[in-house]
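A.B. asks: Residues 1 to 336 (full-length UniProt numbering) make up the sequence shown, in order. We put the beta carbon where it would ideally sit given N, CA and C, even for glycine. Pasting a structure here, questions to come.
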Amino acid sequence: MQQPPVDRQALRKAFLKYSKMLNENSAQKRIYLEGGRVQCLPCGSAELGGNQEQSNHPSAPGDSSSDILPKTTQLQCMSESYIFHLHIISVLGKAWDTSDQQSKFNALACVWQTFIGWSSKDFADVHGLVMHAYNPPNADSFVDHLGLHKALCVLKGWDYTKVPDNSKAYQSLPPDLVRANREDLIIWPPTVIIRNTTTGRKKDGRSEGLGNKEMDKKIAELGFAGGKSKSLYGKEGHLGLTLIKFANNPSGLKEAERLAEFFERQDHGRVGWSRAQATHNLDPDTNPMLVETDSRGEKKRILYGCLAISSDLDELDSDSRKRATVKSIKEFDPSD
Numbered sequence: 001m002q003q004p005p006v007d008r009q010a011l012r013k014a015f016l017k018y019s020k021m022l023n024e025n026s027a028q029k030r031i032y033l034e035g036g037r038v039q040c041l042p043c044g045s046a047e048l049g050g051n052q053e054q055s056n057h058p059s060a061p062g063d064s065s066s067d068i069l070p071k072t073t074q075l076q077c078m079s080e081s082y083i084f085h086l087h088i089i090s091v092l093g094k095a096w097d098t099s100d101q102q103s104k105f106n107a108l109a110c111v112w113q114t115f116i117g118w119s120s121k122d123f124a125d126v127h128g129l130v131m132h133a134y135n136p137p138n139a140d141s142f143v144d145h146l147g148l149h150k151a152l153c154v155l156k157g158w159d160y161t162k163v164p165d166n167s168k169a170y171q172s173l174p175p176d177l178v179r180a181n182r183e184d185l186i187i188w189p190p191t192v193i194i195r196n197t198t199t200g201r202k203k204d205g206r207s208e209g210l211g212n213k214e215m216d217k218k219i220a221e222l223g224f225a226g227g228k229s230k231s232l233y234g235k236e237g238h239l240g241l242t243l244i245k246f247a248n249n250p251s252g253l254k255e256a257e258r259l260a261e262f263f264e265r266q267d268h269g270r271v272g273w274s275r276a277q278a279t280h281n282l283d284p285d286t287n288p289m290l291v292e293t294d295s296r297g298e299k300k301r302i303l304y305g306c307l308a309i310s311s312d313l314d315e316l317d318s319d320s321r322k323r324a325t326v327k328s329i330k331e332f333d334p335s336d
């Protein structure tokens, strides 16, 4: 198939869009990373009411074709059974709130496609999906498919600059380039993830950790300004994870990069945290990778920090994840 000319800006936007979609749901991401049947997101979007961004006639606000099935729901409904059932209820409920017969038909088609396993648009493995995305079935969705192709390759650590074929040579890429491609895709507004911020346990067994004000103070003492802390909590208490969010402009990005580089110089960046995680079998209260003793003989947690990238999206709280976008540092455009 001869590929049509590509709008580079549209391709970049599609790539960043699918880079977020592939990473924002843990169960969904695991399927693409670990194997099994996978869906084509652009094709699924087209079947579920169309892709407004590619349409020549964008729908007006409140148009039923845009409200039936949000893209995030498309992803989640295919990952876990409870989300699947909520999805069915949501689709039918929204469709029957409108008098538009076409919307009702689209909703029923969506439910039917879900029950039969999306057989026409799923693939045995990611290689098959990559081949499909690089050679999409029609020109209307060409840019979206190429964006997905590139996003899949970055997720899997493959070479998106090579034409994919059955030799799978494109799946070979040096580790340093794999890391560079992934770390180029930052979460926006610029955010630094601080890890190992738990401080102990309450009497009820729930985890305690550094709160927002405490973390703001610590970051200020290190000489960094402009960031706002958001400590994350779950059912068991503090998750040991704090987000430091900076302004969504070049100055905010520069300050976030400075903070991340500070941790990296101490070997307490992303790679350092991976090494610390490898010692998870040790007591977290005495593990020298997690705890150190200061000059007064008091134990304190060793903080690890790194600039948040697309692969970290599923660790964020739902509100931060929803509000975030993905940007490329190499092709940085504040207006995106």
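1. Check each candidate in Tyr-32, Glu-208 and Val-163 and name the one with the smallest Cα separation from Leu-241.
2. Taking C-alpha atoms, which residue in Gly-269, Pro-42 and Ala-180 lies nearest to Ala-139?
3. If we call anything under 9 Å between Cβ atoms a contact, is Thr-191 one with Ile-244?
4. According to DSSP, is Asn-56 helix, strand or coil?
5. Under the three-state reduction of DSSP, which class applies to Val-130: helix, strand or coil?
6. I need the straight-line Cα distance from Ala-324 to Arg-201, nearest angstrom please.
7. So is Asn-249 buried or exposed if we call it buried at 16+ other beta carbons inside 10 Å?
8. Measuring only the C-alpha atoms, how far is Asp-184 from Arg-296?
9. Taking contact to mean 3 or more Cβ pairs, one atom from each stretch, closer than 8 Å, check whether the stretch 144 to 164 and the stretch 272 to 290 are in contact.
10. Could you pull out every residue in the same chain whose Cβ sits closer than 6 Å to the Cβ of Pro-136, ignoring the five residues on either side in sequence?
11. With DSSP run on the structure shown, which of helix, strand or coil describes Val-6?
12. May I ask which residues mark the beginning and end of the alpha helix (DSSP H) holding Gly-237?
13. Runs of 3 residues minimum, wholly inside the UniProt domain "XS" (183 to 314): which ones carry the beta strand (DSSP E) assignment?
C.D. replies: In brief:
1. Glu-208
2. Pro-42
3. yes
4. Low per-residue confidence applies at Asn-56: pLDDT is 34, beneath 50, and the placement is therefore not dependable, though the value from the model is reported in the following sentence. In this structure, Asn-56 counts as coil in the three-state DSSP scheme.
5. The answer is helix: DSSP assigns Val-130 an H, G or I state.
6. 31 Å
7. exposed
8. 41 Å
9. no
10. Phe-142 and His-145
11. It is coil, neither helix nor strand.
12. Here Gly-237 belongs to no alpha helix (DSSP H); instead the beta strand (DSSP E) covers 237 to 245.
13. 185 to 188, 191 to 195, 198 to 201, 207 to 209, 228 to 234, 237 to 245, 291 to 293, 299 to 301 and 304 to 307
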